[in-house]
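In this note's numbering, the protein residues as written are 144 to 391.
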């Protein structure tokens, strides 16, 4: 029986280049981890392919999946996403399955009663470490504004790299994603492990030198240790009370 691996974190935290680095440098894990392909109502980003990154469908079509017991439908930052449960179960009977994406979907997969019979591993990628969060809190920093600005800058750099001059809809989308980051970090306590990573998708450290360097390399090695042995000194466990209130 396979294992469901949920790799989640805020938008632009580095999930995609992390998965890409493991695929490029450790192809044995590409064979062992079959990526789940979800349905998504948003338009493809530059370089994304239908049926590979997502099944891109209209919002109306995905909305209609709510009446089907074999489809799990989730509202993710205003976008509708859906997963075929029979497709997931078929994958898990033959290999591990990897979900790489939004924490709300990750939590839904890790807690879905219909998947309880399958082993599950939840890994959350965070733009801040537990110690950094505690220090900011001790200094009276407003975490919401801090994290929003931190992720806004990452998202601006990433989107500018892809598109050049940004439109008003681009900026609004960046603001929406950056503004949801802290709420998503509050969900990290529902995952087995948290890996702090400061090299987001805007960082050249993932691929400019072919081999990841800096935090990108450390994050990759930490995830590989978790996949292999279930533990790593580079990973943290976050308690529900880290942010001073009820988490997600």
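Every residue, glycine too, gets a C-beta built ideally from N, C-alpha and C.
Distance, residue 332 Cα to residue 389 Cα = Here residue 389 refers to the residue found at position 246 when the chain shown is read from its first residue. Here residue 332 refers to the residue found at position 189 when the chain shown is read from its first residue. Residue confidence for residue 389 is low, a pLDDT of 49 falling below 50, so the modelled location carries little weight and cannot support an answer.
Nearest residue (CA-CA) to residue 294, options 340, 322 and 267 | Along the chain shown, read from residue 1 onward, the residue named residue 294 stands at position 151. Of the listed residues, the one whose Cα sits closest to residue 294 is 322.
What are the boundary residues of the beta strand (DSSP E) that residue 226 is part of?
-> Working through the chain shown from its first residue, we reach residue 226 at position 83. Counting along the chain, the beta strand (DSSP E) containing residue 226 begins and ends at 222-227.
How about the stretch 242-250 and the stretch 207-225: do they share at least three Cβ pairs that are nearer than 8 Å?
-> yes
Can you give the Cα-Cα distance for residue 239 and residue 175, rounded to whole angstroms?
-> Counted from its first residue, the chain shown places residue 239 at position 96. Counted from its first residue, the chain shown places residue 175 at position 32. In a straight line, the C-alpha of residue 239 is about 6 Å away from that of residue 175.
So residue 214 and residue 225 are in contact, right, with Cβ under 8 Å, and what is the actual spacing, rounded?
-> On the chain shown, position 71 is the one that residue 214 refers to. On the chain shown, position 82 is the one that residue 225 refers to. The Cβ separation is near 5 Å, so the contact holds.
How should residue 372 be labelled, buried or exposed, when 16 other C-beta atoms within 10 angstroms of its C-beta is the threshold for buried?
-> Taking the first residue of the chain shown as position 1, residue 372 is located at position 229. With fewer than 16 Cβ atoms within 10 Å of its Cβ, residue 372 is classed as exposed.
List the endpoints of the continuous alpha helix (DSSP H) containing residue 276.
-> In the chain shown, counting from the first residue as 1, residue 276 sits at position 133. From DSSP, the alpha helix (DSSP H) with residue 276 extends over 273-281.
Within 10 angstroms of its Cβ, does residue 346 collect 16 or more other Cβ (buried), or is it exposed?
-> Looking up residue 346 in the chain shown gives position 203. Residue 346 comes out buried.
For residue 265 versus residue 334, is the C-beta spacing smaller than 8 Å?
-> If you number the chain shown from 1, residue 265 lands on position 122. If you number the chain shown from 1, residue 334 lands on position 191. A contact, by the Cβ cut-off of 8 Å.
Evaluate contact between the stretch 155-165 and the stretch 355-373, counting only Cβ atoms and requiring at least three cross-stretch pairs below 8 Å.
-> yes
Burial state of residue 311 (16 or more Cβ within 10 Å) = The count along the chain shown starts at 1 and reaches residue 311 at position 168. Exposed is the call here.
What is the DSSP secondary structure of residue 339, reduced to helix, strand or coil?
-> Here residue 339 is taken as the residue at index 196 of the chain shown, counted from 1. Residue state, collapsed to three classes: strand.
Tell me, to the nearest whole angstrom, how far the beta carbon of residue 336 is from that of residue 382; I am working on the premise that it is less than 8 Å.
-> As a working mapping, residue 336 is identified with position 193 in the chain shown. As a working mapping, residue 382 is identified with position 239 in the chain shown. Between residue 382 and residue 336 the Cβ distance is about 13 Å, and since that is not below 8 Å, they are no contact.
According to DSSP, is residue 333 helix, strand or coil?
-> Taking the first residue of the chain shown as 1, we reach residue 333 at position 190. It is helical.
Quickly, what does DSSP pair residue 177 with across the bridge? List them, please.
-> Looking up residue 177 in the chain shown gives position 34. Answer is 240.
Pick out whichever of 357, 204 and 353 has its Cα sitting closest to the Cα of residue 182.
-> Translated into positions along the chain shown, residue 182 becomes position 39. The candidate whose alpha carbon is nearest that of residue 182 is 204.
Smallest Cα separation from residue 235: which of 380, 330 and 179?
-> Within the chain shown, residue 235 is the residue found at index 92, counting from 1. If we check each option's Cα against that of residue 235, 179 comes out closest.
Measure the C-alpha to C-alpha separation of residue 158 and residue 212 and round it to an integer number of angstroms.
-> Within the chain shown, the letter at position 15 stands for residue 158. Within the chain shown, the letter at position 69 stands for residue 212. Their backbone Cα atoms lie some 29 Å apart in a straight line.
Among 155, 161 and 147, which has the Cα closest to the Cα of residue 263?
-> Position 120 of the chain shown, counting from 1, holds the residue named residue 263. Minimum Cα distance to residue 263 is reached at 147.
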